[in-house]
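**Q** Below: one structure in structure tokens.
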Amino acid sequence: MHAFRARLCFLQLATDDQVFLLDTLQPGVVPGMLAPLMADPARTKFFHAAQGDLQFLAEVGVRVQGLFDTHRAATLLGWPKVGLADLARERLGVELPKEHQQSDFSIRPLPPGMREYIANDVRYLCELGRQVRDACREADILEEVLLDCVRLCDEAAARPDVGADFKPKLPRAGLNPTQMTLAHAIAHALHRKRLEWAEKDNVPMGRMLSNMALGDIAVKLPTNPKELARMAGVRGSFIRSHGEELLAVVRELLEKSRRGELAPEREAKGPKDANKRKREEALKTFRVEKATERKVTPSVVLTNPLMDALASQPPKDVEALTQVPYFGEKRVRLYGPALVELLAAYPVLNA
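And the structure:
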């Protein structure tokens, strides 16, 4: 939000009695010292929306076991509001201030009030976590929630490189194949440039040049600063600093396109399973029906990752189903034979 690469600025931990703030920007504060505590599955760790936290911790060698994610649990419970402030208000009657939500937590010394704001992120999580866990137990979905929390921990890895997952958003209609190839080439070239510029200035890449701006430029092909200024989300300060370099990229690729030197991108594709879409649709129908019977959310029956796993590699029998990660004994008992029969109707067909 404030720098090219997000970094770990604080670690907050709380018990029922105390809150601990570890300033990870200070010399000598080593997050790895928490590794034994976090890896102990006998100690429950209440997080809220843990995915990002787990990635930051994984980067410093800290793996978490014994997770209970209140956000994931509230989502599977089907509660209409699942934000931390919403849960604290509705379950505990506590109002959490929001004035520092967009603040830069790397600032030292901390501005007035920010220390309290940071502490409040975890101050109420133990009591809140117990209440949400009790609600899961009462709704008979605790096993499913805990399995998904294990998945979150297992899948936590260092964050991908900044911008590694970039895919340009271009209009599907109105461009012929040559124009689409050119637009893709420009969008990717400018994405590489904005990463270079943003890292040099230590600002987020989207603040340097937004995805919307990239798409607009790639399609409309500005030829001068005045035309560039008309592109969506392009600021005057950016044009003054990088406008000429950007326009040079557009001109170079436009010339290559005219000479027929740009090849369209081709995605690597394996054998196509003609029945996969049918399995996906059948699984969607199945989980809605079972969710209605149990009066739970569809993701309790089958999470999206489980849907993907079953549709991609349908198990041949119940024994194979027991080997699907994060499926769990309860789902095998409730749905095992029916799922195997359902998927058998759409065998894998590789064209």
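Here my numbering runs 50 ahead of the position in the sequence shown, where the first position is 1. Quick reminder that beta carbons are idealized off the backbone N, C-alpha and C, glycines included.
1. Measuring CA to CA, which of Asn354, Lys366, Ile168, His241 is closest to Gln62?
2. What's the gap between the Cα of Glu277 and the Cα of Gly213?
3. Less than 7 Å separating the beta-carbons of Ala332 and Leu399?
4. Does the separation of the CB atoms of Leu146 and Phe96 fall below 7 Å?
5. Mind checking whether Thr479 and Gly179 have CB atoms under 7 Å apart?
6. So within the segment 54-112, which uninterrupted alpha helix (DSSP H) runs reach at least 4 residues, ignoring any that extend past its ends?
7. Looking at the strands, I want to know which residues DSSP matches up with Asn354.
8. What is the rounded straight-line gap between the Cα of Gln363 and the Cα of Glu177?
9. Just how far apart, CA to CA, sit Met88 and Tyr376?
10. Compare the beta carbon distance of Gly286 and Pro218 with 7 Å and say whether it is the shorter of the two.
11. Based on Cα-Cα distance, which residue from Leu142, Val144, Arg165, Met258 lies nearest to Ser153?
12. Grab the span of the beta strand (DSSP E) containing Leu11 for me, first residue to last.
13. Thinking just about the alpha-carbon of each residue, which of Gln76, Cys59, Ala92 is nearest to the one in Phe106?
14. Since Asp119 sits in a beta bridge, which residues does DSSP pair it with?
15. Using three-state DSSP, classify Asp367 as helix, strand or coil.
16. Could you name the residues that DSSP lists as bridge partners for Asp323?
17. Should Val351 and Lys340 be called a contact, given that it needs their Cβ atoms to be closer than 7 Å?
18. Of the choices Pro227, Val374, Lys366, Pro365, whose alpha-carbon is the least far from that of Leu312?
19. From this set, Leu104, Val269, Glu205, which residue's C-alpha is nearest Leu225's C-alpha?
20. Check whether the Cβ atoms of Cys203 and Val114 sit closer than 7 Å, and answer yes or no.
21. Under 7 Å, do Gly378 and Glu205 count as touching if we go by C-beta distance?
22. From Arg244, Gly283, Lys243, pick the residue whose C-alpha is nearest to that of Met262; which is it?
23. For the ligand ZN, any of its heavy atoms closer than 6 Å to the Cβ of Trp129?
24. Check whether the Cβ atoms of Val390 and Asp358 sit closer than 7 Å, and answer yes or no.
25. Rounded to the nearest angstrom, how far is the Cβ of Val69 from that of Val182, given a contact under 8 Å?
26. With Gln229 as the anchor, note down where its alpha helix (DSSP H) starts and where it stops.
27. When the Cα of Arg337 is compared with those of Lys322, Ala100, Tyr385, Ser156, which residue comes out closest?
28. In chain order, what residues of the same chain have a beta carbon less than 7 Å from the beta carbon of Ala138, not counting five sequence neighbours either side?
29. If you reduce the DSSP assignment to three classes, tell me which class Gln373 lands in.
30. Taking the alpha helix (DSSP H) that Lys270 falls in, what are its first and last residues?
31. Could you give the first and the last residue of the continuous alpha helix (DSSP H) run that contains Leu196?
32. When DSSP labels each residue in this structure, what does Gly133 get in the three-state scheme?
33. Considering only C-alpha positions, which residue in the set Asp211, Ser307, Asp73, Cys186 is nearest to Ala233?
34. Just the Cα atoms here: how many angstroms apart are Ala401 and Lys243?
**A** Looking at the coordinates:
1. Along the sequence shown, read from residue 1 onward, the residue named residue 62 stands at position 12. Measuring from the Cα of Gln62, the nearest candidate turns out to be Ile168.
2. Residue mapping note: residue 277 aligns to position 227 of the sequence shown, counting from 1. Residue mapping note: residue 213 aligns to position 163 of the sequence shown, counting from 1. Straight-line Cα distance between these residues: approximately 26 Å.
3. What you label residue 332 is simply residue 282 of the sequence shown in a count that begins at 1. What you label residue 399 is simply residue 349 of the sequence shown in a count that begins at 1. Against a cut-off of 7 Å, the Cβ pair of Leu399 and Ala332 comes out as no contact.
4. Here residue 146 refers to the residue found at position 96 when the sequence shown is read from its first residue. Here residue 96 refers to the residue found at position 46 when the sequence shown is read from its first residue. The answer is no: Cβ separation not under 7 Å.
5. Summary: the structure shown does not reach residue 479, with the chain confined to residues 51 through 401, and so no result is reported for it.
6. Runs of the alpha helix (DSSP H) inside the segment 54-112: 85-88, 101-109.
7. Residue mapping note: residue 354 aligns to position 304 of the sequence shown, counting from 1. Answer is none; Asn354 lacks a bridge partner.
8. Start at 1 with the first residue of the sequence shown, and residue 363 comes out as number 313. Start at 1 with the first residue of the sequence shown, and residue 177 comes out as number 127. One C-alpha to the other measures close to 40 Å.
9. Mapped onto the sequence shown, residue 88 falls at position 38. Mapped onto the sequence shown, residue 376 falls at position 326. Our two residues, Met88 and Tyr376, have alpha carbons roughly 21 Å apart in a direct line.
10. For the purposes of this step, residue 286 is taken as residue 236 along the sequence shown, with counting starting at 1. For the purposes of this step, residue 218 is taken as residue 168 along the sequence shown, with counting starting at 1. No.
11. Here residue 153 corresponds to residue number 103 of the sequence shown, with the count starting at 1. The candidate whose alpha carbon is nearest that of Ser153 is Arg165.
12. Any property of residue 11 remains undetermined from this structure, which presents the chain solely from 51 to 401.
13. Here the question's residue 106 lines up with position 56 in the sequence shown. For Phe106, the closest of Gln76, Cys59, Ala92 by C-alpha to C-alpha distance is Cys59.
14. Here residue 119 refers to the residue found at position 69 of the sequence shown. Answer by DSSP bridge pairing, in chain order: Phe97.
15. Here residue 367 refers to the residue found at position 317 when the sequence shown is read from its first residue. In this structure, Asp367 counts as coil in the three-state DSSP scheme.
16. Here residue 323 corresponds to residue number 273 of the sequence shown, with the count starting at 1. Paired residues: Asn400.
17. For the purposes of this step, residue 351 is taken as the residue at position 301 of the sequence shown. For the purposes of this step, residue 340 is taken as the residue at position 290 of the sequence shown. Contact flag set, yes.
18. Sequence index remark: in the sequence shown, residue 312 carries index 262 (1-based). Out of Pro227, Val374, Lys366, Pro365, Pro227 has the C-alpha closest to the C-alpha of Leu312.
19. Locating residue 225 in the sequence shown gives position 175, counting from the first residue. Ranked by how close their Cα comes to the Cα of Leu225, the residues Leu104, Val269, Glu205 have Val269 in first place.
20. To locate residue 203, count along the sequence shown from 1; it is residue 153. To locate residue 114, count along the sequence shown from 1; it is residue 64. Result yes, Cβ atoms of Cys203 and Val114 sit closer than 7 Å.
21. In the sequence shown, the residue the question calls residue 378 occupies position 328. In the sequence shown, the residue the question calls residue 205 occupies position 155. No, they are not a contact pair.
22. As a first step, residue 262 is located in the sequence shown; it is residue number 212 there, counting from the start. The residue with the shortest Cα to Cα distance from Met262 is Gly283.
23. Of ligands this structure carries none, so the ligand ZN is not represented either.
24. Position 340 of the sequence shown, counted from the start, is the residue given in the question as residue 390. Position 308 of the sequence shown, counted from the start, is the residue given in the question as residue 358. No, they are not a contact pair.
25. Counting from one through the sequence shown, the residue named residue 69 turns up at place 19. Counting from one through the sequence shown, the residue named residue 182 turns up at place 132. With 8 Å as the limit, Val69 and Val182 do not qualify as a contact, their Cβ atoms being about 19 Å apart.
26. Residue mapping note: residue 229 aligns to position 179 of the sequence shown, counting from 1. Following the DSSP letters along the chain, one finds Gln229 inside the alpha helix (DSSP H) bounded by residues 227-251.
27. For this step, residue 337 is matched to residue 287 along the sequence shown. It is Tyr385 whose Cα lies nearest to the Cα of Arg337.
28. Taking the first residue of the sequence shown as 1, we reach residue 138 at position 88. Same-chain partners within the cutoff: Val144, Leu146, Tyr174, Leu178.
29. Locating residue 373 in the sequence shown gives position 323, counting from the first residue. Three-state DSSP puts Gln373 in coil, outside helix and strand.
30. Counting from 1 along the sequence shown, the entry for residue 270 is found at position 220. Its alpha helix (DSSP H) spans residues 261-270.
31. As a first step, residue 196 is located in the sequence shown; it is residue number 146 there, counting from the start. From DSSP, the alpha helix (DSSP H) with Leu196 extends over 192-205.
32. Along the sequence shown, one-based indexing puts residue 133 at 83. Three-state DSSP puts Gly133 in coil, outside helix and strand.
33. Within the sequence shown, the letter at position 183 stands for residue 233. The candidate whose alpha carbon is nearest that of Ala233 is Ser307.
34. Position 351 of the sequence shown holds residue 401. Position 193 of the sequence shown holds residue 243. With a pLDDT of 49 at Ala401, under the threshold of 50, the modelled position of this residue cannot be trusted; read the value that follows with caution. In a straight line, the C-alpha of Ala401 is about 40 Å away from that of Lys243.
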